[in-house]
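Report on the structure given below.
Numbering (the working numbering), first residue to last: 6 to 382.
If you want it as structure tokens, here you go:
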């Protein structure tokens, strides 16, 4: 019989804060928050399920959850046994070591179940215990599963959101909700990308292995059909680099780690976090996305939004034209690249949209996510 998965004990006698972030973007957002918080409270003891960014910010990394990030129904089902074992290992760890506060960062499929389990076991404040459970970066209840807001109000003590309209989404619940600004326009933000009309093309297939394996080939094909300049592809981990290398990109396609700043003329991107970096930087381009047929059909039935890209949703217009599934053809993506690098009106429109986007997401007077978290500790 396989022994149960075990997480390491805390490095010290106590844990003030446990952060749970399951994706590369959540790892980065959580790390920014922890780094800023520990600068004002250097004695704060932080543990985390997350990734290398949280570890670099000073958290004791109990498990690298970013290395196993998956998306889509089929992929989640394949990884069910692993996530179930990890979930119960984390519950045992929390019960044994009793952190004062748990801050859940995005990753709702795992984190909302954890909040519910902490309440059901009587560990959290909402369950009659002493553990305060916070949530940073709301699930997209405005797109689907709007009823989640009621279970969130039942299980959470406070929520910090990164889009200003999200506060109103919880107005019919007793959950305290605060807009803390988007992390990409905060005072600690260092843009990983910038616009250079003479630069290469940027290809951004994502940060999850299964998604990258599906999305990178059409991005490459679109770039080849474009037939101009060179390209750079950013990868967040060595696992993703291996997936990219397996697609055998041409010699004029350079693979570079995400932490390396790049200046580019245009972008073909998946709909993830990096697309927001590009939108805020005013880089023209397009979104391409492919997933399994079943996941796509279910998504079309369940998700009630006009656009996939968050910048498009916030602006209520296609800053980045979207090419989904079979529509992501080499000819269509190549045409977007040509317009992005050759059409002055297209570049001017993108710059104006980026300016509006930055205004929408600016930090409010109440402070950053770290300021919000400090008030909860």
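Just so you know, even glycine gets a beta-carbon here, dropped at the ideal spot from N, CA and C.
Query raised in the report: Where does residue 358 fall in DSSP's three states?
Result: helix
Query raised in the report: Hey, would you say residue 16 sits closer than 9 Å to residue 46, going by beta carbons?
Result: no
Requested in this report: Kindly indicate the opening and closing residues of the alpha helix (DSSP H) around residue 187.
Outcome: Counting along the chain, residue 187 falls outside any alpha helix (DSSP H), and DSSP gives it neither H nor E.
Query raised in the report: So residue 198 packs on residue 283, CB below 8 Å; how close in whole Å?
Result: 6 Å
**Report entry** Simplified DSSP assignment, three categories, for residue 368
**Finding:** coil
Query raised in the report: Is it the case that the Cβ atoms of residue 42 and residue 23 are separated by a distance below 9 Å?
Result: no
Report task. Mind checking which residues open and close the beta strand (DSSP E) that includes residue 55? Result -> 51-55
Query raised in the report: Of the residues 117, 115, 273 and 119, which one's Cα is nearest the Cα of residue 239?
Result: 273
Query raised in the report: Does the Cβ of residue 253 have 16 or more other Cβ atoms within 10 Å, making it buried, or fewer, making it exposed?
Result: exposed
**Report entry** Beta-bridge partners of residue 108, as assigned by DSSP
**Finding:** 24 and 139
Query raised in the report: With 16 as the cutoff for other CB atoms within 10 Å, does residue 145 come out buried or exposed?
Result: buried
Query raised in the report: How big is the Cα-Cα spacing for residue 367 and residue 136?
Result: 31 Å
Query raised in the report: Going by the CB atoms, is the gap between residue 87 and residue 374 shorter than 9 Å?
Result: no
Query raised in the report: Does the beta-carbon of residue 11 have 16 or more other beta-carbons within 10 angstroms, so that it is buried, or is it exposed?
Result: exposed
**Report entry** CA nearest to the CA of residue 341, picked from 271, 38, 119 and 246
**Finding:** 271
Query raised in the report: If you compare alpha carbons, which of 268, 164, 324 and 348 is closest to residue 281?
Result: 324
Query raised in the report: Does the distance from the CB of residue 286 to the CB of residue 359 come in under 9 Å?
Result: yes
**Report entry** Sufficient close CB pairs (3 or more, under 8 Å) joining the segment 111-128 to the segment 148-164
**Finding:** yes
Query raised in the report: Along the chain, where does the beta strand (DSSP E) that runs through residue 163 open and close?
Result: 163-166
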